[in-house]
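Respectively, the protein sequence lines represent chains H and Z. Just so we're aligned: 83 in the working numbering is position 83 of the first sequence, and the numbers increase by one with no gaps anywhere. Just so we're aligned: 64 in the working numbering is position 64 of the second sequence, and the numbers increase by one with no gaps anywhere. Every residue gets a Cβ at the ideal spot worked out from N, C-alpha and C, and that includes glycine. Here the structure is a predicted model, which means the values were calculated and not measured.
Number of protein chains: 2
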Amino acid sequence: MTYCVGLYVREGLVLLADTRTNAGIDHVSTFGKMHIVEAPGQRVLALLTAGNLAITQAVVARLQEGVWLDGNRPTLFDVGQMSHAAQLVGAAVRDVFARDGQALAGQGVAFDCSFLLAGEILGGPPRLYLIYSAGNFIEATEDTPFLQIGEVKYGKPILDRALTFDTSLADGIKLVLVSMDSTLRSNLTVGMPIDLALIAAGALRVTLRRRITEEDGYFHLVRERWAAALRDAYLELPAPDWLAS
Amino acid sequence: MTYCVGLYVREGLVLLADTRTNAGIDHVSTFGKMHIVEAPGQRVLALLTAGNLAITQAVVARLQEGVWLDGNRPTLFDVGQMSHAAQLVGAAVRDVFARDGQALAGQGVAFDCSFLLAGEILGGPPRLYLIYSAGNFIEATEDTPFLQIGEVKYGKPILDRALTFDTSLADGIKLVLVSMDSTLRSNLTVGMPIDLALIAAGALRVTLRRRITEEDGYFHLVRERWAAALRDAYLELPAPDWLAS
Chain H
1 MTYCVGLYVR EGLVLLADTR TNAGIDHVST FGKMHIVEAP GQRVLALLTA
51 GNLAITQAVV ARLQEGVWLD GNRPTLFDVG QMSHAAQLVG AAVRDVFARD
101 GQALAGQGVA FDCSFLLAGE ILGGPPRLYL IYSAGNFIEA TEDTPFLQIG
151 EVKYGKPILD RALTFDTSLA DGIKLVLVSM DSTLRSNLTV GMPIDLALIA
201 AGALRVTLRR RITEEDGYFH LVRERWAAAL RDAYLELPAP DWLAS
Chain Z
1 MTYCVGLYVR EGLVLLADTR TNAGIDHVST FGKMHIVEAP GQRVLALLTA
51 GNLAITQAVV ARLQEGVWLD GNRPTLFDVG QMSHAAQLVG AAVRDVFARD
101 GQALAGQGVA FDCSFLLAGE ILGGPPRLYL IYSAGNFIEA TEDTPFLQIG
151 EVKYGKPILD RALTFDTSLA DGIKLVLVSM DSTLRSNLTV GMPIDLALIA
201 AGALRVTLRR RITEEDGYFH LVRERWAAAL RDAYLELPAP DWLAS
């Protein structure tokens with residue numbers, strides 16, 4: 001499994017992905033699930049992937065080679081705005097489905113893939129999309145300023161509770177790390193290291209990119225303090241007033 | 001959907017179930033999912049249900065009428081120990097599958113049901129089981145002192161982090177309420193009111209049973225304090241030391 005999360009806040013975009021890929025518990029590997037397309041000052045896009053690795057790698061390869069679309073073969077370096085980038089990812093997904101879908105169905109393998117696409121292209125605002133295996137997509141809004149793919153549920157409650165569009169990028173980093181930590185603790189198939197990227201609004205480049213390993217002191221601190229804070233918080237709750245009766 | 005959780009701790013058993021049943025978002029009803037079998041001083045058992053309501057009601061009806069087993073027709077009032085009670089629930093599930101499974105499959109409806117069975121029978125210790133739709137089951141242990149059915153993921157991280165076999169019943173109540181609160185916030189198909197039961201070890205009766213509604217002052221307090229504690233905890237985390245660089 002995979003867990004990827006993207007935040008869409010006023011100050012920009014925060015992206016986090018784990019790196020574990022597995023086909024059964026005896027076949028576990030590390031693959032980067034975050035792909036960056038960057039032309040500093042012009043555009044910066046990040047594509048995060050979840051699902052069947054053969055499918056997601058085929059989609060990423062299509063995007064690098066260019067996807068046949070309206071007689072052209074654009075890549076993410078060519079599209080003029082973020083919504084066209086999301087359409088291009090969708091077209092690449094449909095292209096892979098057209099080639100491999102029938103053979104996969106013949107083997108009883110689901111066409112399982114999903115993508116987060118985040119970024120900014122000169123002249124437009126930052127945007128965050130979730131592209132489905134059907135090639136269609138949704139977009140994060142100020143009301144729901146995050147999107148997730150993969151093993152999404154364990155890490156969702158903290159985002160539901162604490163994240164708003166006005167959350168700062170620094171606080172956003174804390175939130176995605178806490179969200180990932182909850183997922184790592186509850187699902188062994190989501191694994192370290194994890195890849196973080198920060199794209200500040202208007203920067204038109206990756207503001208920060210960091211691979212966080214087991215040895216990362218800050219992530220250690222987040223995990224320990226968060227666990228302690230949760231324990232303290234529940235211990236400090238009073239006992240039910242109706243318990244004695 | 002449903003969320004039911006059972007804790008198996010040194011002091012006894014804590015059980016919590018929501019009451020929402022839905023078939024599509026325009027058909028939402030309230031049904032109790034917690035069924036108590038009690039002969040004070042002799043035995044106390046609680047059965048919590050998740051899945052297709054027609055199936056789980058058929059299983060509960062079988063258990064009330066008695067399940068044909070080895071030439072007898074025992075109910076949960078007749079079995080001599082908790083493991084036999086779990087087998088009886090499994091036998092009832094298999095009986096319903098034998099009658100309805102083919103017709104359901106013909107309509108493309110999955111045989112979707114699962115059960116938590118908790119209780120104590122005179123002469124034996126308290127026990128907590130999860131019975132699957134195949135009629136087989138697992139048991140909670142001191143190492144993993146909780147079991148869940150239904151929409152289990154949102155409420156799992158806090159249990160993974162904070163619950164141990166030595167957690168008190170009073171603290172256990174807090175934990176299942178926090179776990180339910182996380183689920184309620186993140187999944188609209190899990191709904192209030194919620195049913196709580198406490199079975200203290202050795203009591204051989206229901207120690208406490210309470211339907212918690214939207215108006216319950218203590219649950220309000222838990223929800224508000226927990227949300228505030230999470231927000232405070234994440235805000236108090238320092239910013240990453242590598243963010244400035």
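Counted as a single uninterrupted DSSP element, the alpha helix (DSSP H) harbouring M180(Z) occupies residues L169 to S186. Scanning chain Z for C-beta atoms nearer than 7 Å to the C-beta of P157(H) yields Y154, S182, R185 and S186, reported in chain order. One finds A229, L230, D232, A233, Y234, E236 and L237 in chain H with Cβ atoms closer than 9 Å to the Cβ of A229(Z), taken in chain order.
Contact annotation, I36(H) with A46(H): C-beta distance approximately 5 Å; criterion of less than 8 Å satisfied. Between L159(H) and R161(Z), the CB-CB gap reaches or exceeds 7 Å. Taking a C-beta distance under 7 Å as the contact criterion, Y218(H) and T183(H) do not qualify as a contact pair.
Spatial neighbours of V67(H) in its own chain (CB-CB distance under 8 Å, excluding positions within 5 residues in sequence) are listed in chain order as R73, P74, T75, L88, A91, A92 and D95. Secondary structure within the segment 14-83 of chain Z: the beta strand (DSSP E) runs of 3 or more consecutive residues, fully enclosed, are 20-22, 28-30, 34-39 and 43-51 (chain order). Residue state for Y234(H) is assigned as helix, using DSSP reduced to three classes. Using a Cβ-Cβ distance cut-off of 8 Å, the segment 6-20 of chain Z and the segment 168-180 of chain Z are in contact, since at least three pairs of beta carbons, one from each stretch, lie closer than that value. The bridge partners DSSP lists for Q148(H) are V5(H). Residue state for A227(Z) is assigned as helix, using DSSP reduced to three classes. G108(H) sits away from V44(H), with the two beta carbons spaced by 7 Å or more. Residues of chain Z whose Cβ lies closer than 7 Å to the Cβ of D195(H) do not exist; the shortest such Cβ separation is about 14 Å. With fewer than 16 neighbouring CB atoms inside 10 Å of its own CB, Q42(H) falls in the exposed class.
Using a CB distance cut-off of 7 Å, V67(Z) does not count as an interface residue toward chain H. The beta-carbon of I138(H) is placed no less than 7 Å from the nearest beta-carbon of chain Z. In this structure, R205(Z) sits away from A197(Z), with a CB-CB distance that is not shorter than 7 Å. Exposure of P238(H) is indicated by the presence of fewer than 16 other C-beta atoms within 10 angstroms of its C-beta.
Using a Cβ-Cβ cut-off of 7 Å, A50(H) does not count as an interface residue toward chain Z, since no Cβ of chain Z sits closer than that to its own. When 8 Å is used as the limit between beta carbons, A162(Z) is near these residues of chain H: L230, R231 and Y234, in chain order. Distance between A227(H) and T141(Z), taken at the CA atoms: about 23 Å. Under the Cβ distance rule, I173(H) counts among the residues neighbouring chain Z, one pair being separated by less than 7 Å. For L159(Z), the uninterrupted alpha helix (DSSP H) run begins and ends at K156 to A162, by DSSP. Using a Cβ-Cβ distance cut-off of 8 Å, the segment 211-225 of chain H and the segment 174-191 of chain H are in contact, since at least three pairs of beta carbons, one from each stretch, lie closer than that value. Nearest to M82(Z) by alpha-carbon distance, out of G51(Z), L130(Z) and Y234(Z), is L130(Z). Cβ contact annotation for V59(Z) (same chain, cutoff 6 Å, sequence separation greater than five): A92, V93 and V96, in chain order. In the structure shown, R127(H) falls within a strand segment according to DSSP collapsed to helix, strand and coil.
For S133(H), there is no enclosing beta strand (DSSP E), as DSSP marks it with neither H nor E. Taking 7 Å as the CB threshold, A244(H) stays off the interface with chain Z. Closer than 7 Å to the CB of D241(Z) there is at least one CB belonging to chain H. Against chain Z, a Cβ distance below 7 Å from Y218(H) picks out P240, D241 and W242. In the DSSP assignment, G119(H) is bridged to L45(H) and R127(H). Neighbourhood of A170(H) in chain Z, by CB distance below 8 Å: A239, P240 and L243, in chain order.
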